[in-house]
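My numbering puts the first residue of the sequence shown at 3, with every later residue one more than the last.
One structure is given below, encoded as structure tokens.
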Amino acid sequence: MTGNLHPRLVSILCGAIFMAGPAMAESHRSLGEADLTRINADYLPTADQVQDWHERKDSMGGTFSGSPSWHNYHDILETGFRQLGLVDIAMDSFSYTRWYSSDNPQDGQWTLEIDGEDIPVAAYWPYSGGTDAQGVTAELVYYDRDNPPDIEGKIVVFDIPPMETVMPARFRSAGYEYATNPETLEESTLDQFYQIYYVTRFGRLHEVAQKGKAAGGIIVFDMSPGRAAGLYAYPLPDEPTGVPGIFFDRIAGKKVMAAALEGREATLTLLAKTEEVEPHFFAGYLPGRNYGQENDEIILMLTHTDGPNITQDNGGLGILSVVHYFAQIPQELRPRTLLVLLDPQHFMPGRHPTDWYGLYPETSAKIVASIGIEHLGQRGFTEIGDDFMPTGLPETMNVFVQDNDKLIEIAIQAVKDNNVPQVLVQSPPRGDQGQWHGLGEVALKRKLPGFGATSNMSAYWATAARIDKFDKDHFLKQAALLAQLTGELMTADLDEIAPPVKQAETDVSH
3 MTGNLHPRLV SILCGAIFMA GPAMAESHRS LGEADLTRIN ADYLPTADQV QDWHERKDSM
63 GGTFSGSPSW HNYHDILETG FRQLGLVDIA MDSFSYTRWY SSDNPQDGQW TLEIDGEDIP
123 VAAYWPYSGG TDAQGVTAEL VYYDRDNPPD IEGKIVVFDI PPMETVMPAR FRSAGYEYAT
183 NPETLEESTL DQFYQIYYVT RFGRLHEVAQ KGKAAGGIIV FDMSPGRAAG LYAYPLPDEP
243 TGVPGIFFDR IAGKKVMAAA LEGREATLTL LAKTEEVEPH FFAGYLPGRN YGQENDEIIL
303 MLTHTDGPNI TQDNGGLGIL SVVHYFAQIP QELRPRTLLV LLDPQHFMPG RHPTDWYGLY
363 PETSAKIVAS IGIEHLGQRG FTEIGDDFMP TGLPETMNVF VQDNDKLIEI AIQAVKDNNV
423 PQVLVQSPPR GDQGQWHGLG EVALKRKLPG FGATSNMSAY WATAARIDKF DKDHFLKQAA
483 LLAQLTGELM TADLDEIAPP VKQAETDVSH
């Protein structure tokens, strides 16, 4: 015997290979196309990789736009996206004046002293004002909304009125198309949302303090110490008010309120700085099969990259995970192009003053669907009396869907397929299903087929929410769900998922 094959055997083998080739290629193609909408977990990043990203993000604290921590986070994202093959990357920068103080209460940069006693402060009032190291000493005065007092030159003390007396009913509505665990869905976060929004939206307390020429401002929240710790009020005013302010939980706040009702004197200290910073948008493309051609269609993947804690702005890592998934599938099998857009304007004055779509009208015209991604991998927390503790469940996730039966069906199926717990599928445009929160609202503004994914924030309105409040395994389940939704947008018949032609304008909140 020699190592040579008989000529006839070679002929037979060659014929077999020739005939099998197209079938094997077709099998590969079918498998790849199936992976677009049926999730292959091997294509997602590992749990260890997800944890590493978040630990690196958390290492410098809150990622306020243009801050050193924000640049650290963007480096993680931009490096990851480039490694996954994003092309034609554009980074449009702008500048603004950033106001900041220390986020660590141990640094002693925000304090209140009454009759020689230091009262525990929960947090600083963002974009309020500042004092020197000696602070400002003045009379405390309680702000009675029915009979507003003279607050000029005084430290004004506000409380928050009950939610049902102020908050519009449309914010309180919580109907849904589908719920995984309706008996355990967390509703207590709505009151926290209301209290935070009362500061600058419902009550506009910053304007009251500023117009009244107060020497300082204090807000007492109806929150336990654990919930109020590091609270970051939002949305922000257009510029610092010039009135230094601090926040209190309901326990420490009782002493402050009592002192204010008695007209006692206090010393408020808030050491704050301002700096000119230059953050930037990040936009890049994972090409589809028609990329660069006139018939290319784009799926917009959108999030913000600034925030006070570990998950408020980790939608960028959610998008990175979804792009990681689709980068494993050959370009010729990706029917549409993915556009990653990272917006740095969420937790800054004026909130989203730059219109990215106006900067790129030709690209915007090719966007045929969208998905917004925010707040992933969160654990649920609740108050029991004055204790703030984990619920033992994931935070409730909201999957918002445009008003289209097919899209809603797709969303519900994706939740079921990926076994994601604690999920509400809602279609706010249909009415009585709450507000569409988050940047995914672009689907409503631009009347696109689309989804938005976000979560309640029982512990995540605060700078105190760090890596210990992050769940990598839950993050990955959510990432799988989001990859499936993205794949459905990539492959869907656009006529079948189109929103109503005359969709009414819907009040949105983010």
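Note that CB positions come from ideal geometry on N, CA and C, so glycine has one too.
Run of the beta strand (DSSP E) containing residue i, from where it starts to where it stops
i: Arg100; result: Tyr98 to Tyr102
i: Ala371; result: Ile369 to Ile375
i: Ala92; result: Val89 to Ala92
i: Glu277; result: Lys275 to Val279
i: Asp419; result: First-last for Asp419: Asp407 to Asp419, but that is the alpha helix (DSSP H), not the beta strand (DSSP E).
i: Asp152; result: Where Asp152 is concerned, there is no enclosing beta strand (DSSP E), given that its DSSP letter is neither H nor E.
i: Gly433; result: Gly433 -> no beta strand (DSSP E), and no H or E assigned at all.
i: Gly255; result: No beta strand (DSSP E) holds Gly255; the alpha helix (DSSP H) holding it covers Arg252 to Leu263.
Whole-number beta carbon distance between residue j and residue i, since they are thought to touch under 8 Å
i: Asp473; j: Pro396; result: 7 Å
i: Val168; j: Tyr145; result: Incorrect: roughly 15 Å between the Cβ atoms, too far for contact.
i: Ala445; j: Gly454; result: 7 Å
i: Pro107; j: Tyr234; result: About 14 Å separates the two Cβ atoms, so there is no contact after all.
i: Val138; j: Gly255; result: That pair is no contact at about 19 Å.
i: Val325; j: Leu86; result: 5 Å
i: Leu344; j: Phe284; result: 4 Å
i: Tyr462; j: Gln333; result: That belief does not hold up - the Cβ atoms of Tyr462 and Gln333 are roughly 36 Å apart, past 8 Å.
Rounded straight-line distance, which links the Cα of residue j to that of residue i
i: Asp161; j: Ile220; result: 9 Å
i: Val394; j: Phe383; result: Correcting the residue type first, residue 394 is Gly in the shown sequence and not Val. Approximately 8 Å between the Cα atoms of the pair.
i: Leu302; j: Ser372; result: 4 Å
i: Met165; j: Asp224; result: 11 Å
i: Glu141; j: Glu154; result: 10 Å
i: Val258; j: Phe349; result: 29 Å
i: Ile121; j: Ala274; result: 19 Å
i: Glu80; j: Gly177; result: 38 Å
i: Gln404; j: Ala464; result: 30 Å
i: Ser460; j: Glu296; result: 46 Å
i: Gly23; j: Gly489; result: Annotation note: pLDDT 38 at Gly23 (below 50); position unreliable, no value reported.
i: Ala49; j: Leu319; result: 12 Å
i: Val342; j: Ala260; result: 52 Å
i: Ile499; j: Ile375; result: 19 Å
i: Ala124; j: Pro227; result: 7 Å
i: Pro501; j: Leu450; result: 7 Å
i: Ser366; j: Phe402; result: 22 Å
i: Ser29; j: Ala36; result: Note on Ser29: pLDDT 41, under 50, position unreliable in the model; no value is reported.
i: Asn42; j: Leu187; result: 28 Å
i: Tyr180; j: Trp438; result: 15 Å
i: Gly442; j: Leu304; result: 7 Å
i: Thr456; j: Val210; result: 32 Å
i: Ala25; j: Arg338; result: The predicted model places Ala25 with a pLDDT of 39, which falls under 50 and marks its position as unreliable, so this point remains unresolved.
i: Gly294; j: Phe250; result: 55 Å
i: Glu277; j: Pro151; result: 35 Å
i: Cys16; j: Lys408; result: In this predicted model, Cys16 has a pLDDT of only 37, less than 50, meaning its place in the structure is not dependable enough to derive any value.
i: Gly452; j: Gly214; result: 45 Å
i: Met62; j: Asp497; result: 46 Å
i: Pro242; j: Ser67; result: 16 Å
i: Lys479; j: Asn421; result: 7 Å
i: Arg31; j: Pro237; result: Below a pLDDT of 50, predicted positions are generally treated as unreliable, and Arg31, at 43, falls in that range; the measurement from the model is reported next regardless. Going by the C-alpha atoms only, they are around 48 Å apart.
i: Asp94; j: His56; result: 25 Å
i: Gln330; j: Leu88; result: 13 Å
i: Asn292; j: Gln486; result: 21 Å
i: Met492; j: Ala416; result: 14 Å
Where the alpha helix (DSSP H) containing residue i begins and where it ends
i: Gln194; result: Thr191 to Tyr199
i: Tyr287; result: Looking at the DSSP string, Tyr287 is not in any alpha helix (DSSP H); the run it does join, the beta strand (DSSP E), is Phe284 to Leu288.
i: Asn74; result: Pro70 to Gln85
i: His354; result: Segment: none, His354 is in no alpha helix (DSSP H) and carries neither H nor E.
i: Gly318; result: Gly317 to Phe328
i: Ala466; result: Here Ala466 belongs to no alpha helix (DSSP H), and DSSP marks it neither H nor E.
i: Gln53; result: Ala49 to Asp60
i: Ala445; result: Val444 to Lys447
i: Leu38; result: Looking at the DSSP string, Leu38 is not in any alpha helix (DSSP H), and its letter there is neither H nor E.
Bridge partners - residue i, DSSP secondary structure assignment
i: Trp127; result: DSSP, once it has assigned bridges, lists no residue as partnering Trp127.
i: Leu270; result: Leu114 and Val138
i: Ser460; result: Partner(s): none; Ser460 has no beta bridge.
i: Gly454; result: Gly374 and Phe402
i: Ile301; result: Leu340 and Ala371
i: Leu426; result: Ala181 and Asn400
i: Arg147; result: In DSSP, Arg147 forms no bridge with anything.
i: Thr384; result: Met391
i: His476; result: DSSP, once it has assigned bridges, lists no residue as partnering His476.
i: Thr65; result: Gly309
i: Val158; result: Val143 and Gly219
i: Gly247; result: Gly219
i: Asp345; result: His306
i: Ser95; result: His282
Check: residue i C-beta below 8 Å from any heavy atom of the ligand GDP
i: Arg468; result: Looking at this structure, you won't find the ligand GDP or any other ligand, since it has none at all.
Sequence ranges, alpha helix (DSSP H) only - wholly within the stretch 199-239, length at least 4: 207-213 and 227-230
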